[in-house]
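Position one of the sequence shown corresponds to residue 91 (the working numbering), numbered consecutively onward.
Glycine included, each C-beta is placed from N, C-alpha and C at the ideal position.
Please read the structure below before turning to the comments.
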Amino acid sequence: MINGKIIKVCGMREAPNIRDVESLQKVDMIGFIFYPKSPRYIYELPAYLPVRARRVGVFVNEDKDVITMYADRFGLEYIQLHGKESPEYCQSLRTSGLKIIKAFSVAHPKDLNHVSEYEKACNLFLFDTKCEQYGGSGNQFDWNILHTYNGQVPFLLSGGINSHSANALKAFNHPRLAGYDLNSRFELKPGEKDPERIRMFLNELKS
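Here it is as structure tokens:
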């Protein structure tokens with residue numbers, strides 16, 4: 091954590107890269123994307139899985155049996171849902187012992203209208219930039235929209251966060267802001283993160 095905020099790095103695949111990113115002591119969560127249409131899709135177990143950082147599995151409109159299979163195989167603690175999953179679906183997964191992160195795509199205040207329906211079914215929310223495809227665009231949305239969110243569930247901020255975002259992130263305050271989700275803007279190529287770029291960003295965020 092940095093300044094009390096969770097640092098999540100998402101979309102990882104290769105064992106050496108996973109190890110290098112986890113060695114950055116401020117990284118709290120590492121995410122694996124199990125959505126076949128994603129360029130960061132993973133299905134084979136890598137030779138190394140995070141030991142210290144929490145493991146997060148990202149799914150889109152997936153069958154619960156498939157999620158359970160990957161959760162067991164990869165030792166996932168958190169399940170991040172990016173599709174049209176219902177509150178009941180989220181609750182059923184949570185009842186099985188998994189922690190649930192529900193992602194919401196945001197472009198306008200109205201995009202937060204139905205978030206409250208998920209309050210009792212999720213451990214965390216994730217607010218990302220609205221785009222046509224699932225899995226993010228690498229672009230940033232207007233974070234000021236989130237000031238209309240007055241729910242009780244903490245959230246991760248996602249969408250276009252890059253190595254130059256530290257000052258803007260430090261300037262953005264919300265009582266339910268739990269952390270930041272880093273992905274495509276810290277990559278050498280899809281699925282391969284640049285540990286040095288992440289390290290420099292985290293140092294700037296901390297300063």
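Query, Result
"Whole-angstrom distance between N229 and G249, CA atom to CA atom", "6 Å"
"Residues near L299 in its chain [Cβ-Cβ closer than 7 Å; skip 5 each side]", "A query on residue 299 cannot be resolved here, the shown segment of the chain reaching from 91 to 297 and no further."
"N-terminal and C-terminal residue of the alpha helix (DSSP H) that A161 is part of", "154-164"
"Complete runs of the alpha helix (DSSP H) confined to the segment 215-268 [at least 4 residues]", "256-261"
"Supposed close pair R62, G281 - CB separation, criterion 8 Å", "Since the first residue shown for the chain is 91 and the last is 297, residue 62 is missing from the structure and cannot be characterised."
"Cα-Cα separation, M290 to G269", "17 Å"
"Burial state of N273, where buried means 16 or more other Cβ atoms lie within 10 Å", "buried"
"I288 - containing alpha helix (DSSP H), residue span", "285-296"
"As assigned by DSSP and simplified to three states, the class of L139", "coil"
"Nearest-angstrom Cα separation, counted from P177 out to P285", "36 Å"
"Backbone CA spacing between R275 and V148 [nearest angstrom]", "18 Å"
"Beta strand (DSSP E) segment containing Q170, residue limits", "168-171"
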